[in-house]
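Last residue of the sequence shown: 553 (the numbering used here), numbering continuous. C-beta: ideal position from N, C-alpha, C; glycine also. Treat the numbers as computed from the prediction; the structure is a model and nothing was measured. I have placed the structure first, in the form of structure tokens, so that the comments after it can refer back to it.
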Amino acid sequence: MKREIAINASALEVRVALLEDNQLAEFYLERNRQVGLAGNIYKGKVTRVLPGMQAAFVDIGLEKAGFLHVSDFYDGVSALNIVAEVIGEEDVETEPIGDNEFAEAETNSTDEAGAGANGDESRARPSRGRRRGRGRRTQAPQRSRLPIEQQLRRGQDIMVQIAKEPMGTKGARLTSSISMPGRHLVYTPASNHIGVSRRIASAEERARLRADVGELRPPQGGFIVRTACEGVSRREIQRDVAFLTKLWSSIVRKNESMPPASILYSDLDVALRIVRDLFSSEVDRLWCDDPTTYSRIVQFVQNYMPRLRARVTLHDGAAPLFDRFNIEPQIERALDRKVWLKSGGYLVFDQAEALTAIDVNTGRFVGKRSQDETIFKTNLEAVEEVVNQVRLRNIGGIIIVDFIDMDREADRKKVSDALAIALKRDKARTSALKISELGLVQMTRKRTRESLEKLLTDTCPRCDGRRVVKSVPTLAAEVLRGIQREAVSKSAGDMLIVKLNPEVARYLYNNGAKDLETLEHRLSTKIVLRSHDGIELGAFELASAPAAA
């Protein structure tokens, strides 16, 4: 698969596109006034402790207090030492320092950009009892968790990290289990584990990396070896260890000297986060169209991944960089409610706050052999587009896919299997149940940041987010009732002049003449309609004038 990264940078915003076989797979945006917050570390102050929710609200200096659930709070005293999840790694093998037995951590998130590019900062925790995973199952002792009110108190200072960006009316989701990603490693100061990504296929290479990190690590803190560390020399690993431990020391010093609600560490901007988290030997080319950003990227690559320097290219053509890859139309398509399939079928996306419904339809596709075959082919094609769109639109929460009803169990199984395979391309954590007899698939996908729709659009001022507006006949009837309501305060015998939208005025003249006459008789006054282009549909202005006028 051909993979390329295109970075379009300007004074207003930085846009990043990840392309797979020339198709837009992921899109990131960071505006100067909307810099990403996920991964940032703060010295916070507990403002409220809620035993009923087993959570606390923490002031970190943002507009809204952050939310810290008891499951995301760790006091650092744990026999198992909580291990932060590898950013972007689907499966991690972890080993407590000084213990020959591996404790396998089940990971909860898989976005390659993780806390860097998309704010995903969910945690892998040591196995409690038996859990399903790719590796062998292990039995781990239960870790008792004290109630939140016994661990935190109002006014207490606490160091926290943003795990999820603030979304809508919700404040940031916080965690006290700090993890700091480097190019090759993730440093977990409160942990004593060494973890290695199982995406590194070679057992010998995993053992080498585990041994090198074990020898180079400081007395305190754990590390997770990222996939990008495969084949890296001991010297490069040592450099990453030194950089991350030095960074942590500076954060600790700031925490001791700075007042509450202060930021202690800010993650890289989106351009460098993408380079750190996505740019690897699997990427054929990285393009950037801004000389300043290009220089920063080159410097970063030379410092951390010099072998990839030749793959970084400055785009200086007259045409925009995104036009080179036909990215703009693909972004527009990802904002549409209806998405057409190549066969003539189509998908319809309806997003609510916590649930997204995706409806599959045959549309113009009529097939050639039988109805069952037509439905099966449409559903099979829809699987690929559903996964592509969910990933590109960054849809999170509950997702219901309504495939066209299939009578044959074999067809349902093939569609379900195809969906499972397609979802493996998505680095975000997803969970999908098998397709039901009604053709429904229930899925969950980890919500890591704002969806593409929230990122690029505002609520329509006319429909107020309902996706529909009232019809002209409805609005005309409302205007008549409004005139009657407001005319009560006017003097009898006066002439009422009504300024209103031309479409509504035209409809009332053509279809509401009788109603206007009835209203004039009831109010004992003459009503004059005057159209005005500056008045919104459904709005009107009422003024009175002497009857002689």
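Assigned secondary structure, residue i (DSSP; H/G/I helix, E/B strand, else coil)
i	result
His197	strand
Tyr308	helix
Thr529	coil
Val352	strand
Val370	coil
Ile64	coil
Phe380	helix
Arg7	strand
Lys346	coil
Glu234	coil
Asp537	coil
Leu251	helix
Val492	coil
Gly133	Annotation note: pLDDT 36 at Gly133 (below 50); position unreliable, coordinate value reported separately. The answer is coil: DSSP assigns Gly133 none of H, G, I, E or B.
Ile204	coil
Ala15	coil
Ser266	strand
Gly218	helix
Gly43	coil
Leu72	strand
Asp244	helix
Asp271	coil
Leu484	helix
Gln375	helix
Gln154	helix
Residues near residue i in its chain [Cβ-Cβ closer than 8 angstroms; skip 5 each side]
i	result
Ser14	Asp294
Leu460	Leu33, Ile335 and Leu339
Glu389	Val343, Leu345 and Leu351
Pro151	Pro55, Gln58 and Val74
Leu444	Ile404, Val405, Asp406 and Phe407
Met262	Lys47 and Leu268
Val302	Arg313 and Val316
Val483	Val502, Leu504, Val508, Leu512, Gly542 and Phe544
Residues that DSSP places opposite residue i in a beta bridge
i	result
Gln27	Glu24
Leu359	Ile402
Gly2	Residue 2 lies beyond the range of the chain shown here (5 to 553); nothing can be said about it.
Tyr513	The partner list for Tyr513 (beta bridge, DSSP) is empty, contrary to what the question assumes.
Lys168	Arg177
Tyr32	Val20
Val502	Leu533 and Leu546
Arg52	Phe61
Gly186	In DSSP, Gly186 forms no bridge with anything.
Val364	Leu351
Asp161	Lys49
Cβ-Cβ separation, residue j to residue i (assumed contact under 8 angstroms), whole Å
i	j	result
Leu533	Ala509	5 angstroms
Tyr511	Ala491	About 20 angstroms separates the two Cβ atoms, so there is no contact after all.
Lys49	Pro264	4 angstroms
His536	Leu504	7 angstroms
Leu396	Phe31	6 angstroms
Tyr269	Ile255	5 angstroms
Lys450	Ala432	5 angstroms
Met499	Ser548	7 angstroms
Phe407	Ala386	7 angstroms
Arg158	Val53	6 angstroms
Arg313	Gln306	6 angstroms
Arg187	Ala232	6 angstroms
Ile578	Thr249	Absent from the structure is residue 578, since the part of the chain shown begins at 5 and ends at 553.
Contact set for residue i: own chain, Cβ-Cβ below 7 angstroms, skip 5 residues either direction
i	result
Asp216	Arg238 and Ile241
Leu251	Met184
Lys68	Pro170 and Gly175
Pro477	Tyr511
Ser435	Met447 and Thr448
Leu523	Leu484, Ile487, Gln488 and Ile531
Val236	His188
Pro412	For the record, residue 412 in the displayed sequence is Arg; it is not Pro. The answer, listed in chain order, is Asp376.
Val370	Thr378
Cutoff 9 angstroms: residue i Cβ touching any chain B Cβ
i	result
Ile331	Looking for chain B here will not work: only one protein chain is present.
Nonlocal neighbours in the same chain, by C-beta distance under 6 angstroms from residue i, ignoring five residues either side
i	result
Gly367	Gly348, Gly349 and Tyr350
Lys438	Ser420
Gln27	none
Glu24	Met5 and Arg7
Ala61	The question names Ala, but residue 61 is Phe in the sequence shown. Closer than 6 angstroms at the Cβ level, and outside the excluded window around Phe61, lie Thr51, Arg52 and Ala69.
Checklist entry - Which runs of the alpha helix (DSSP H), 4 residues or longer, sit entirely within the stretch 394 to 475? => result 413 to 427 and 456 to 460
Item to check | Segments assigned alpha helix (DSSP H), at least 4 residues, entirely inside the stretch 277 to 343 | outcome: 295 to 308, 325 to 328 and 331 to 339
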